[in-house]
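Read through the structure below, which is laid out as structure tokens, and then see the notes.
Residue numbers (the working numbering): 1 to 653.
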């Protein structure tokens with residue numbers, strides 16, 4: 001049949017995932033890796049802590065979703081030849097949703113039966129399954145649940161699928177070119193990151209592959225040691241036996257854990273999980289993608305809860321990953337005005353079934369030999385070089401647009417007499433009335449709070465900081481919205497008092513709930529709980545129908561331990577907002593803290609069963625802590641006080 005590329009809409013079970021809250025995400029993010037300390041020997045630092053960020057600003061939080069599943073038409077892309085059929089979802093950060101082996105008639109990846117967002121990424125929303133592409137900052141990509149630019153490149157009769165974007169924190173472009181030559185048994189993924197800046201930036205990339213958790217599955221990777229962490233510290237272990245557990249058998253690992261394999265420079269870069277027949281999906285790459293990782297949820301009650309929470313009937317999964325760095329504990333320094341490229345291959349592998357449960361080193365050699373027979377390492381490196389001019393640098397026919405921010409950056413660069421982000425990546429044209437273009441060209445944002453129909457966006461770059469400072473001195477001195485935008489950048493720069501001064505100036509000019517919210521965040525950062533509480537409540541009163549704002553302000557009230565005010569303001573919320581599961585669990589916690597146990601219990605369980613909090617955070621023991629506080633007051637049998645499975649998310653111990 002040759003190779004075909006097709007764009008379709010398919011009916012899938014989804015919770016709508018791609019709506020962002022409009023309030024700025026400035027109150028900080030919770031990322032485990034950002035808090036770890038290195039216990040490694042000198043010379044083996046793995047860049048622990050390098051490139052961490054405190055906030056995902058200027059991105060907004062993606063926290064407007066529910067647990068409700070509906071049937072929706074989802075745009076997908078199929079890339080297919082006689083051996084493989086790859087399915088991508090551009091609206092999920094370009095995720096490779098499935099990879100089907102047409103010869104063996106088997107699925108190579110873990111394919112979720114729902115697109116159900118949960119709070120596991122830096123912007124909140126994240127879904128499990130397939131292969132996720134992560135760039136920029138630790139904790140998944142800012143675009144993991146966003147639409148990318150999509151194009152098609154024509155190469156000597158072969159169609160190449162291209163997806164790309166401009167990442168705003170690192171200020172880099174990244175492009176992913178996917179192709180499937182007619183005779184190839186491997187999906188080829190050619191990745192390219194360009195740092196156009198005149199300074200070094202921290203860089204991060206991990207290709208996150210989900211595969212089924214198999215009862216007798218065996219992990220194979222060409223490494224003798226791995227990095228891991230426990231109790232807040234990063235350290236190194238020998239593999240495959242770690243503390244008496246054979247981690248090459250993922251099902252046997254008791255608790256949620258990451259292992260980052262230290263593959264020697266001269267060794268082949270690959271990772272696979274085989275089933276008991278010796279069959280599995282294998283990922284390999286050129287040498288730049290040096291890291292490989294195993295993640296398991298583990299076998300605790302909390303682990304099982306997470307596995308069921310993220311899907312419907314698809315079953316449990318594990319993750320095998322590949323990254324630029326050795327670990328996810330830090331980024332790599334990417335040189336100014338530099339380009340990083342690599343090629344990844346995804347396909348099937350088969351070895352003798354008798355080897356799977358035997359000696360790991362013997363199995364490892366068999367896998368390495370089988371991979372070399374299927375796709376030679378040197379051929380992959382040559383292919384990377386050959387496809388730079390023939391694929392990577394060619395323009396694409398644009399099929400779907402992404403964000404507007406690449407176009408805005410190109411406009412800024414043109415004004416500054418700098419070269420564009422790319423000569424072959426089309427970021428489109430931004431409207432002249434865009435507020436940031438207005439600021440660049442006319443020294444004013446050209447909008448006010450009255451422009452409610454216009455989407456609010458944010459900037460953190462030095463250029464816009466300086467322009468906002470000038471604007472409030474001249475054309476926008478009486479514009480509350482401009483003062484607000486300036487105050488946000490001060491806040492992100494940890495100049496909190498200057499930010500508060502801007503917000504107060506904005507408030508003197510015009511009362512708006514977003515200004516109240518910003519003041520609440522600012523005073524909470526200064527641990528001024530009374531003021532943070534006051535401004536949070538005022539923000540909610542002004543805009544009680546805005547789910548994103550209400551949830552964020554209630555989070556501030558929780559942090560301030562303002563339980564009475566929280567309950568009071570929640571009573572007056574519209575019914576739809578009041579019944580939101582995050583709002584309900586916060587109300588339950590407030591009742592429990594005030595000793596109102598029956599009221600707390602009533603919110604945790606209804607006739608329909610235990611509450612399912614739509615956006616409980618990975619690593620968050622909130623529901624279990626709440627239950628334990630309630631259970632300690634209950635007199636009765638021990639089993640009545642036991643934490644219900646539905647509330648147990650304690651996978652990270």
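Beta carbons are placed, not taken as given, at the ideal position from N, Cα and C, and that holds for glycine.
Self-check item: residue 133 - containing beta strand (DSSP E), residue span
Solution: For residue 133, the enclosing beta strand (DSSP E) has its first and last residue at 131-135.
Quiz item: If you draw a straight line from the alpha carbon of residue 398 to that of residue 526, how long is it in whole angstroms?
Solution: Distance between the alpha carbons of residue 398 and residue 526 is about 47 Å.
Quiz item: Any idea what DSSP makes of residue 271, helix, strand or coil?
Solution: In the structure shown, residue 271 falls within a strand segment according to DSSP collapsed to helix, strand and coil.
Self-check item: Buried versus exposed, by CB contacts within 10 Å (16 or more), residue 93
Solution: Its Cβ being crowded by 16 or more others within 10 Å, residue 93 is buried.
Quiz item: Between residue 235 and the rest of its own chain, which residues show a CB-CB distance below 6 Å, the 5 nearest in sequence each way excluded?
Solution: If we look at residue 235 and ignore the five residues flanking it on each side, its Cβ neighbours are 39.
Exercise. Quick one: residues in its chain with C-beta nearer than 7 Å to the C-beta of residue 319, no 5 flanking neighbours on either side, listed in chain order?
Key: If we look at residue 319 and ignore the five residues flanking it on each side, its Cβ neighbours are 208, 209, 210 and 295.
Quiz item: Would you report the Cα separation of residue 1 and residue 79, rounded to the nearest angstrom?
Solution: Cα atoms of residue 1 and residue 79: separation of roughly 12 Å, rounded to the nearest angstrom.
Quiz item: So residue 126 is in the beta strand (DSSP E); what residue range does that whole segment cover?
Solution: From DSSP, the beta strand (DSSP E) with residue 126 extends over 124-126.
Self-check item: CA nearest to the CA of residue 242, picked from 165, 231 and 257
Solution: Considering only alpha carbons, the answer is 257.
Self-check item: Secondary structure, alpha helix (DSSP H): runs of 4+ residues fully inside the region 478-512
Solution: Secondary structure in the region 478-512: the alpha helix (DSSP H) runs of 4 residues or longer, each lying completely within the stretch, are 480-492 and 496-509 in chain order.
Quiz item: For the beta strand (DSSP E) that contains residue 299, what are its first and last residues?
Solution: First-last for residue 299: undefined, no H or E at that position.
Quiz prompt | Cβ-based neighbour list, residue 540, same chain, cut-off 6 Å, excluding 5 preceding and 5 following | solution = 550, 553 and 569.
Quiz item: Between the region 270-287 and the region 213-225, do at least 3 Cβ pairs fall closer than 8 Å?
Solution: Judged by Cβ distances under 8 Å, the region 270-287 makes contact with the region 213-225, as three or more pairs qualify.
Self-check item: Span of the beta strand (DSSP E), counted from its first residue to its last, around residue 221
Solution: No beta strand (DSSP E) contains residue 221, which DSSP labels as neither H nor E.
Practice problem: Measure the alpha-carbon distance for residue 240 versus residue 187 and round it to whole angstroms. | Solution: The C-alpha of residue 240 lies about 29 Å from the C-alpha of residue 187.
Practice problem: Tell me, to the nearest whole angstrom, how far the beta carbon of residue 47 is from that of residue 291; I am working on the premise that it is less than 8 Å. | Solution: About 11 Å; that fails the 8 Å criterion.
Quiz item: Rounded to the nearest angstrom, how far is the Cβ of residue 51 from that of residue 205, given a contact under 8 Å?
Solution: The Cβ separation is near 12 Å, so there is no contact.
Quiz item: Does the separation of the CB atoms of residue 156 and residue 144 fall below 8 Å?
Solution: For the 8 Å CB-CB criterion, residue 156 and residue 144 do not form a contact.
Quiz item: Helix, strand or coil: which one does DSSP assign to residue 364?
Solution: DSSP, reduced to helix, strand and coil, places residue 364 within a helical segment of the structure shown.
Self-check item: 8 Å Cβ cutoff met for residue 405 and residue 168
Solution: The answer is yes: Cβ separation under 8 Å.
Exercise. Label residue 637 either buried or exposed according to how many other C-beta atoms from any shown protein chain fall within 10 Å of its C-beta, with 16 as the threshold for buried.
Key: For residue 637, the predicted model reports a pLDDT of 48, less than 50, meaning its position is unreliable; a value from the coordinates is still stated below. Classification for residue 637: exposed.
Quiz item: What are the start and end residues of the alpha helix (DSSP H) that includes residue 565?
Solution: For residue 565, the enclosing alpha helix (DSSP H) covers residues 563-571.
Self-check item: Span separating the alpha-carbon of residue 477 from that of residue 495
Solution: C-alpha separation (whole angstroms): 20 Å.
Self-check item: Span separating the alpha-carbon of residue 314 from that of residue 615
Solution: Spanning the two alpha carbons is a distance of roughly 20 Å.
Quiz item: In terms of alpha-carbon separation, which member of 509, 302, 298 and 484 lies closest to residue 646?
Solution: The candidate whose alpha carbon is nearest that of residue 646 is 302.
Practice problem: Express the C-alpha separation of residue 190 and residue 125 in angstroms, rounding to a whole number. | Solution: Between residue 125 and residue 190, the C-alpha separation is close to 26 Å.
Exercise. Please classify residue 177: does DSSP put it in a helix, a strand, or coil?
Key: Reduced to three states, the DSSP call for residue 177 is strand.
Quiz item: Counting Cβ pairs, one atom from each stretch, are 3 or more of them under 8 Å apart for the region 415-426 and the region 451-459?
Solution: In this structure the region 415-426 does not lie against the region 451-459, because fewer than three pairs of beta carbons, one per stretch, are closer than 8 Å.
Quiz item: What are the start and end residues of the alpha helix (DSSP H) that includes residue 550?
Solution: From DSSP, the alpha helix (DSSP H) with residue 550 extends over 547-559.
Self-check item: Those residues which DSSP pairs with residue 158 across a bridge
Solution: The secondary-structure analysis by DSSP pairs residue 158 across a beta bridge with 155.
Self-check item: Presumed contact (8 Å Cβ cut-off) between residue 321 and residue 293, rounded CB distance
Solution: Between residue 293 and residue 321 the Cβ distance is about 4 Å, and since that is below 8 Å, they are a contact.
Quiz item: DSSP three-state call for residue 58: helix, strand or coil?
Solution: Residue 58: coil per DSSP, three-state reduction.
Practice problem: Give the straight-line distance between the Cα atoms of residue 536 and residue 59, rounded to the nearest whole angstrom. | Solution: Residue 536 and residue 59: Cα-Cα distance of roughly 21 Å.
Quiz item: Identify the residues that DSSP records as bridge partners of residue 697: which are they?
Solution: This structure leaves residue 697 out entirely; the chain is present only between 1 and 653.
Quiz item: Excluding five sequence neighbours on each side, which residues of the same chain lie with their C-beta closer than 6 Å to the C-beta of residue 274?
Solution: Correct list, in chain order: 218, 280 and 356.
Practice problem: Mind reading off the beta-carbon distance from residue 165 to residue 74? Whole number of angstroms is fine, and I expect it under 8 Å. | Solution: In this structure, residue 165 and residue 74 do not form a Cβ contact; the two beta carbons are roughly 19 Å apart against a cut-off of 8 Å.
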